[in-house]
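A.B. asks: Residue numbers (my numbering), protein chains in the order written: chain S, 3 to 277; chain F, 4 to 159. Glycine is no exception: its CB is placed at the ideal position from the N, C-alpha and C atoms.
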Amino acid sequence: MLGQYGDDAKILAGGQSLMPLMNMRLVRPKVVIDINRVDGLSYISPGQDGGLAVGAMTRQREIERSALVRETVPLLASVIPYIGHFQIRNRGTVGGSLAHSDPAAEIPAVCLTLDTEFDLASSSGVRTVMARDFFLNHLTTALEPVELLTQIRIPDTGDPWRLGFQEVCRRDGDFALVGAAAMLHLDDNGICREARITTFGAGGTPMRMEAAEQYLSGAALSSEDREEAARLVSDALDPISDIHASAQYRKDVAGVMVRRALEQALLQTEGEPAA
Amino acid sequence: MTPQRNIRLTVNGKGYESLVPVRMTLADFLRGELDLTGTHVGCEHGVCGACTILLNGNAVRSCLMLAVQVDGASLMTVEGLADGQDLHPLQKAFQRNHALQCGFCTPGLLMTAYDFLKDTPNPTEAQVREGISGNICRCTGYAPIVQAILEVSQES
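(1) Here's the rule: buried if 16 or more other CB atoms are within 10 angstroms of the residue's CB, otherwise exposed. What is residue 277 (chain S)?
(2) Please name the residue or residues paired with residue 194 (chain S) in a DSSP beta bridge.
(3) Relative to the C-alpha of residue 25 (chain F), which candidate in S:18, S:31, S:26 and S:116 has its C-alpha closest?
(4) Consider the Cβ of residue 128 (chain F): report whether some Cβ of chain S lies at a distance smaller than 7 Å.
(5) Measuring straight from C-alpha to C-alpha, what distance separates residue 81 (chain S) and residue 38 (chain F)?
(6) Mind checking residue 85 (chain S): buried by the 16 CB within 10 Å criterion, or exposed?
(7) Suppose you measure from the CA of residue 71 (chain F) to the CA of residue 121 (chain F); what does that come to, to the nearest Å?
(8) At 9 Å on the CB atoms, spell out the chain F contacts of residue 26 (chain S), in chain order.
(9) For the segment 53-64 of chain F, which residues have a beta carbon sitting closer than 9 Å to at least one beta carbon of chain S?
(10) For residue 102 (chain S), would you say it is in contact with chain F, using Cβ-to-Cβ distances shorter than 7 Å as the test?
(11) Measure the CB-CB distance between residue 134 (chain S) and residue 180 (chain S) and report whether it falls below 7 Å.
(12) Checking the sheet assignment: what are the DSSP bridge partners for residue 202 (chain S)?
(13) Suppose contacts are defined by Cβ-Cβ distances below 7 Å. Is residue 64 (chain F) in contact with residue 62 (chain S) by that definition?
(14) Whose Cβ in chain S lies nearer than 9 Å to the Cβ of residue 158 (chain F)?
(15) Given a threshold of 16 other Cβ atoms within 10 Å of its Cβ, counted over all protein chains shown, does residue 157 (chain F) qualify as buried or as exposed?
(16) Among S:108, S:8, S:195 and S:3, which one has its Cα closest to the Cα of residue 79 (chain S)?
(17) So, with DSSP's three-state summary, where would you put residue 24 (chain F)?
(18) Does any C-beta atom of chain S lie closer than 7 Å to the C-beta of residue 75 (chain F)?
(19) Out of F:140, F:102 and F:40, which one is the CA nearest neighbour of residue 83 (chain F)?
(20) How would you label residue 146 (chain S), buried or exposed, when you count the other beta carbons within 10 angstroms and need 16 or more for buried?
(21) Residues in the segment 77-95 of chain S with C-beta within 9 Å of chain F's C-beta atoms, listed in sequence order?
(22) With distances taken Cα to Cα, identify the nearest neighbour of residue 18 (chain S) among F:119, F:49, F:13 and F:35.
(23) What residues are listed by DSSP as bridge partners for residue 62 (chain F)?
(24) Looking only at its own chain, which residues have a Cβ that is under 7 Å from the Cβ of residue 243 (chain S), when we skip the five neighbours before and after it?
(25) Which of helix, strand or coil does DSSP assign to residue 46 (chain S)?
(26) When the distance is taken between beta carbons, is residue 85 (chain F) closer than 7 Å to residue 151 (chain F)?
(27) Where do the ends of the alpha helix (DSSP H) carrying residue 14 (chain F) lie?
(28) Does any residue of chain F have a CB that is nearer than 7 Å to the CB of residue 59 (chain S)?
(29) Going by other Cβ atoms of all chains shown within 10 Å of its Cβ, with 16 needed for buried, is residue 232 (chain S) buried or exposed?
(30) Is the CB-CB distance between residue 28 (chain F) and residue 56 (chain F) below 7 Å?
(31) Could you pull the start and end residues of the beta strand (DSSP E) that residue 77 (chain F) belongs to?
(32) Confirm, please, whether the CB-CB distance from residue 53 (chain S) to residue 157 (chain S) is below 7 Å.
(33) At a Cβ cut of 8 Å, what residues of the segment 215-244 of chain S count as close to chain F, listed as they run along the chain?
(34) Would you say residue 277 (chain S) lies against chain F (beta-carbon separation less than 7 Å)?
(35) Chain S beta carbons: is any one of them nearer than 7 Å to that of residue 90 (chain F)?
(36) Report the option in F:128, F:125 and F:107 whose CA atom is closest to the CA atom of residue 52 (chain F).
Shown next, in the form of structure tokens:
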């Protein structure tokens with residue numbers, strides 16, 4: 003059907019983003035394709051190489067309740083409660099959040115941090131796109147009009163990763179103004195082997211903070227190191243001003259979010275979810 | 004002419020069959036077609052919570068679903084809470100605690116609280132506040148609503 007209607011069609015997943023846009027007549031799709039009755043798109047199963055495979059129509063509430071997700075990809079489990087409210091998570095799906103790709107959304111940010119792979123299907127087959135190549139711009143992804151996101155594959159990031167996640171919003175459940183996710187892999191002496199840092203709400207897409215990641219690998223993660231990482235993050239960002247927050251606020255607070263996420267990750271024992 | 008589809012569903016234990024325009028929201032269908040006007044429509048974009056109902060036992064926004072999507076489903080609206088003239092414990096607790104003034108948000112809060120207590124039977128006050136954070140009330144300041152929900156959780 004996507005092949006037939008292409009750009010005229012919108013996929014209706016959980017409807018927690020598309021339905022408000024339609025109700026407000028901000029989008030008026032000629033064709034709405036409801037995939038809620040398509041079998042086989044909702045599952046959480048162990049991946050082939052130890053990670054996790056999640057069907058695109060898996061409700062966020064199912065992720066929140068899944069022991070398998072908590073064990074295998076604790077970062078994903080820990081951010082779900084930040085999404086909207088439980089009534090929203092009862093309908094909202096993993097794939098819907100990713101395909102919609104709101105810059106302030108949590109699932110795209112953690113998928114980017116987790117080096118997630120996306121399976122995009124069309125009538126001509128399935129292709130796999132890495133998270134870093136999937137998010138292109140504000141509400142824009144690598145999905146072609148004829149493609150459907152069917153599955154994501156997330157590598158195992160329980161032990162030995164330490165995790166942190168921070169965001170600021172005006173009210174509980176609101177869109178985040180800005181936020182950050184951090185993952186740290188330390189050696190036995192507490193030296194950082196690998197750092198992954200993502201900010202969201204501070205640009206058109208969630209973004210990996212490469213300068214800060216490189217600075218931290220090999221570092222002892224002292225308070226000076228964490229401050230320097232925060233400064234590198236603030237310097238790297240060029241966010242927009244809108245009615246919710248100024249660009250300067252987003253730059254500064256993104257740095258603070260990263261610093262706090264790093265502190266949270268350091269305080270936490272290995273592999274346990276940040277909460 | 005908007006295309007229409009025939010749907011069958013159960014609402015508050017009663018079966019219905021109806022021909023609905025494919026773009027009609029579930030909230031408009033419940034109010035306009037089934038005359039179940041207890042479900043209120045506030046913001047129409049999922050923020051205020053007034054239209055919250057139970058879809059197969061889970062609290063959802065009825066303004067963010069299309070009526071055609073509930074073909075075959077079992078719904079519960081605020082009209083399904085009371086047993087005849089006998090109010091549901093949540094409704095009684097709301098009444099006792101003055102947890103409503105204008106009443107616009109009440110149906111959504113009751114349905115939210117119903118699902119919340121099923122999931123979290125012995126909540127702390129903080130959990131109740133988080134649980135109802137997706138429902139906006141402009142009259143009460145929430146304190147009596149929180150109190151009412153805590154009372155019900157302590158009754159059972």
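C.D. replies: Reading from the atomic positions:
(1) Note on residue 277 (chain S): pLDDT 47, under 50, position unreliable in the model; the coordinate value appears next. Under this definition residue 277 (chain S) is an exposed residue.
(2) S:188
(3) S:31
(4) no
(5) 39 Å
(6) Residue 85 (chain S) comes out buried.
(7) Near 27 Å, if we compare the C-alpha coordinates of residue 121 (chain F) and residue 71 (chain F).
(8) Contact of residue 26 (chain S) with chain F by beta-carbon distance below 9 Å involves 47 and 48.
(9) 55, 58, 61, 62, 63 and 64
(10) No, residue 102 (chain S) does not count as interfacial toward chain F.
(11) no
(12) S:181
(13) no
(14) Within chain S, no residue comes near residue 158 (chain F); the closest Cβ sits about 22 Å away, beyond 9 Å.
(15) exposed
(16) S:108
(17) strand
(18) Among the CB atoms of chain S, none fall inside 7 Å of the CB of residue 75 (chain F).
(19) F:40
(20) exposed
(21) Taking 9 Å as the upper bound on Cβ-Cβ separation, chain F lies near residues 83, 86, 87, 88, 89, 90, 92 and 93 of the segment 77-95 of chain S.
(22) Per the Cα distances, F:49.
(23) F:57
(24) 249
(25) strand
(26) no
(27) From DSSP, residue 14 (chain F) is part of no alpha helix (DSSP H) but of the beta strand (DSSP E) over 7-14.
(28) no
(29) The residue in question, residue 232 (chain S), is buried, as its Cβ has 16 or more Cβ neighbours within 10 Å.
(30) no
(31) Boundaries of the beta strand (DSSP E) harbouring residue 77 (chain F): 77-79, taken from the DSSP string.
(32) Using a Cβ distance threshold of 7 Å, residue 157 (chain S) and residue 53 (chain S) count as a contacting pair.
(33) Listed by position, the residues of the segment 215-244 of chain S near chain F (Cβ gap below 8 Å) amount to none.
(34) Legend: pLDDT at residue 277 (chain S) = 47, less than 50; position of this residue unreliable, value from coordinates given subsequently. Not one chain F Cβ lies under 7 Å of residue 277 (chain S).
(35) Residue 90 (chain F) does not count as touching chain S.
(36) Cα-wise, what sits closest to residue 52 (chain F) is F:107.
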